[in-house]
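Reading through the C-alpha coordinates given below for one structure.
Numbering (this note's numbering), first residue to last: 961 to 1127.
Structure below.
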(Lines of atoms letter the chains of each structure in order from A and count residues from 1; the text may use other names and numbers.)
(Lines give C-alpha, C1' and ligand atoms only; values in the text may rest on other atoms or scores of the structure.)
Protein backbone atom coordinates (compact mmCIF):
# COMPACT_ATOMS: atom_id res chain seq x y z
CA UNK A 1 0.00 0.00 0.00
CA UNK A 2 1.39 3.38 -0.97
CA UNK A 3 1.98 6.17 1.54
CA UNK A 4 -0.83 8.30 0.05
CA UNK A 5 -3.29 5.45 0.25
CA UNK A 6 -2.29 4.76 3.87
CA UNK A 7 -2.77 8.41 4.76
CA UNK A 8 -6.17 8.45 3.10
CA UNK A 9 -7.14 5.25 4.94
CA UNK A 10 -6.17 6.91 8.24
CA UNK A 11 -8.32 9.93 7.36
CA UNK A 12 -11.29 7.68 6.60
CA UNK A 13 -11.06 5.80 9.94
CA UNK A 14 -13.11 8.43 11.74
CA UNK A 15 -15.96 8.28 9.24
CA UNK A 16 -19.13 6.46 10.30
CA UNK A 17 -19.99 3.10 8.69
CA UNK A 18 -16.59 2.61 7.12
CA UNK A 19 -17.76 -0.37 5.06
CA UNK A 20 -19.85 1.96 2.87
CA UNK A 21 -16.87 4.08 1.87
CA UNK A 22 -14.26 3.33 -0.77
CA UNK A 23 -11.05 5.12 -1.64
CA UNK A 24 -11.06 6.54 -5.16
CA UNK A 25 -8.11 8.18 -6.86
CA UNK A 26 -9.22 11.60 -8.07
CA UNK A 27 -6.83 14.30 -9.29
CA UNK A 28 -3.84 12.26 -8.13
CA UNK A 29 -5.15 11.94 -4.55
CA UNK A 30 -7.16 9.24 -2.80
CA UNK A 31 -10.49 10.49 -1.53
CA UNK A 32 -13.29 8.67 0.27
CA UNK A 33 -16.36 8.00 -1.84
CA UNK A 34 -19.66 6.41 -0.89
CA UNK A 35 -19.80 2.97 -2.46
CA UNK A 36 -23.51 2.47 -1.80
CA UNK A 37 -25.97 4.28 -4.08
CA UNK A 38 -27.71 7.34 -2.68
CA UNK A 39 -31.32 6.94 -1.64
CA UNK A 40 -34.06 9.53 -1.29
CA UNK A 41 -33.67 9.42 2.50
CA UNK A 42 -30.05 10.63 2.13
CA UNK A 43 -30.95 13.76 0.15
CA UNK A 44 -31.74 17.06 1.89
CA UNK A 45 -35.41 17.62 2.56
CA UNK A 46 -35.35 20.81 0.49
CA UNK A 47 -34.53 18.78 -2.62
CA UNK A 48 -37.08 15.99 -2.32
CA UNK A 49 -40.53 16.98 -1.06
CA UNK A 50 -42.65 14.17 0.38
CA UNK A 51 -45.07 14.40 -2.52
CA UNK A 52 -42.23 14.43 -5.05
CA UNK A 53 -43.51 17.73 -6.46
CA UNK A 54 -43.54 21.25 -5.11
CA UNK A 55 -47.13 22.41 -4.48
CA UNK A 56 -48.40 25.03 -6.88
CA UNK A 57 -49.13 28.47 -5.50
CA UNK A 58 -52.48 30.14 -6.01
CA UNK A 59 -52.19 32.65 -8.80
CA UNK A 60 -53.45 36.19 -8.36
CA UNK A 61 -56.39 37.72 -10.20
CA UNK A 62 -54.24 39.96 -12.39
CA UNK A 63 -52.31 36.92 -13.60
CA UNK A 64 -55.50 35.04 -14.47
CA UNK A 65 -57.26 37.97 -16.16
CA UNK A 66 -54.46 39.97 -17.77
CA UNK A 67 -51.16 38.13 -18.09
CA UNK A 68 -52.29 34.54 -18.67
CA UNK A 69 -54.12 35.24 -21.96
CA UNK A 70 -51.05 37.02 -23.33
CA UNK A 71 -48.79 34.18 -22.24
CA UNK A 72 -51.08 31.62 -23.86
CA UNK A 73 -51.13 33.64 -27.08
CA UNK A 74 -47.34 33.94 -27.04
CA UNK A 75 -46.82 30.25 -26.26
CA UNK A 76 -49.19 29.21 -29.05
CA UNK A 77 -47.52 31.42 -31.67
CA UNK A 78 -43.94 31.53 -30.44
CA UNK A 79 -40.89 30.36 -32.32
CA UNK A 80 -39.52 28.20 -29.45
CA UNK A 81 -42.71 26.13 -29.36
CA UNK A 82 -42.64 25.53 -33.10
CA UNK A 83 -38.96 24.57 -32.88
CA UNK A 84 -39.70 21.82 -30.35
CA UNK A 85 -38.47 23.77 -27.30
CA UNK A 86 -40.62 23.79 -24.17
CA UNK A 87 -41.70 27.02 -22.50
CA UNK A 88 -39.46 26.43 -19.46
CA UNK A 89 -36.49 25.77 -21.74
CA UNK A 90 -36.88 29.21 -23.29
CA UNK A 91 -37.88 31.21 -20.21
CA UNK A 92 -35.42 29.99 -17.56
CA UNK A 93 -31.99 30.91 -18.89
CA UNK A 94 -29.37 29.13 -16.79
CA UNK A 95 -26.53 31.36 -18.04
CA UNK A 96 -28.02 34.52 -16.51
CA UNK A 97 -30.15 33.37 -13.59
CA UNK A 98 -28.50 31.68 -10.58
CA UNK A 99 -31.88 30.57 -9.24
CA UNK A 100 -32.68 28.84 -12.53
CA UNK A 101 -29.27 27.18 -12.41
CA UNK A 102 -29.97 25.81 -8.93
CA UNK A 103 -33.50 24.73 -9.94
CA UNK A 104 -32.15 22.89 -12.97
CA UNK A 105 -29.60 21.09 -10.81
CA UNK A 106 -32.51 19.64 -8.78
CA UNK A 107 -34.25 18.23 -11.85
CA UNK A 108 -33.38 14.62 -12.64
CA UNK A 109 -30.57 13.83 -15.08
CA UNK A 110 -32.86 12.52 -17.83
CA UNK A 111 -34.85 15.77 -17.92
CA UNK A 112 -31.61 17.79 -18.05
CA UNK A 113 -30.42 15.72 -21.01
CA UNK A 114 -33.77 16.12 -22.77
CA UNK A 115 -33.61 19.89 -22.19
CA UNK A 116 -30.14 20.05 -23.73
CA UNK A 117 -31.32 17.98 -26.69
CA UNK A 118 -34.39 20.19 -27.25
CA UNK A 119 -32.29 23.37 -27.14
CA UNK A 120 -29.68 21.99 -29.54
CA UNK A 121 -32.34 20.68 -31.91
CA UNK A 122 -34.19 24.01 -31.76
CA UNK A 123 -30.98 25.87 -32.58
CA UNK A 124 -30.33 23.57 -35.52
CA UNK A 125 -33.88 24.00 -36.83
CA UNK A 126 -33.58 27.78 -36.49
CA UNK A 127 -30.35 27.75 -38.51
CA UNK A 128 -31.98 25.63 -41.21
CA UNK A 129 -35.14 27.80 -41.06
CA UNK A 130 -37.32 24.75 -40.52
CA UNK A 131 -40.04 23.85 -38.03
CA UNK A 132 -40.21 20.75 -35.89
CA UNK A 133 -42.76 18.11 -36.87
CA UNK A 134 -46.25 18.76 -35.48
CA UNK A 135 -46.00 15.94 -32.93
CA UNK A 136 -42.76 17.44 -31.52
CA UNK A 137 -44.05 21.02 -31.22
CA UNK A 138 -45.09 22.37 -27.84
CA UNK A 139 -48.00 24.70 -27.15
CA UNK A 140 -50.01 25.61 -24.05
CA UNK A 141 -52.13 22.46 -24.40
CA UNK A 142 -49.32 19.87 -24.46
CA UNK A 143 -46.47 21.61 -22.62
CA UNK A 144 -45.34 20.54 -19.13
CA UNK A 145 -43.85 23.14 -16.78
CA UNK A 146 -41.14 20.88 -15.41
CA UNK A 147 -38.85 23.63 -14.06
CA UNK A 148 -41.39 26.12 -12.67
CA UNK A 149 -42.11 24.30 -9.35
CA UNK A 150 -38.41 23.85 -8.63
CA UNK A 151 -37.70 27.48 -9.53
CA UNK A 152 -40.42 28.66 -7.14
CA UNK A 153 -39.01 26.49 -4.35
CA UNK A 154 -35.47 27.79 -4.89
CA UNK A 155 -36.78 31.37 -4.93
CA UNK A 156 -38.64 30.79 -1.63
CA UNK A 157 -35.49 29.29 -0.09
CA UNK A 158 -33.45 32.28 -1.28
CA UNK A 159 -35.98 34.71 0.16
CA UNK A 160 -35.90 32.85 3.47
CA UNK A 161 -32.08 32.90 3.49
CA UNK A 162 -32.12 36.64 2.76
CA UNK A 163 -34.53 37.17 5.66
CA UNK A 164 -32.20 35.25 7.98
CA UNK A 165 -29.20 37.24 6.72
CA UNK A 166 -31.07 40.50 7.37
CA UNK A 167 -32.07 39.38 10.87
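Here a beta-carbon is modelled for each residue, glycine too, at the ideal position from N, C-alpha and C.
With 16 other Cβ atoms within 10 Å as the buried cut-off, status of residue 1113:
With 16 or more Cβ atoms within 10 Å of its Cβ, residue 1113 is classed as buried.
*asked:* Whole angstroms are fine: how far does the CA of residue 1031 sit from the CA of residue 1105?
replied: Just so you know, the alpha carbons of residue 1105 and residue 1031 end up roughly 13 Å apart.
Exercise. What is the DSSP secondary structure of residue 1034, reduced to helix, strand or coil?
Worked result: Helix at residue 1034.
Give the DSSP-derived three-state secondary structure of residue 1093 in the structure shown.
-> Of the three classes helix, strand and coil, the one that applies to residue 1093 here is coil, per DSSP.
Notebook entry, point to check: What separation, rounded to the nearest whole angstrom, lies between the Cα atoms of residue 1084 and residue 1125?
Noted result: Whole-angstrom Cα-Cα distance: 44 Å.
### Task
Please confirm whether residue 1066 and residue 1110 have their CB atoms less than 9 Å apart.
Contact flag set, yes.
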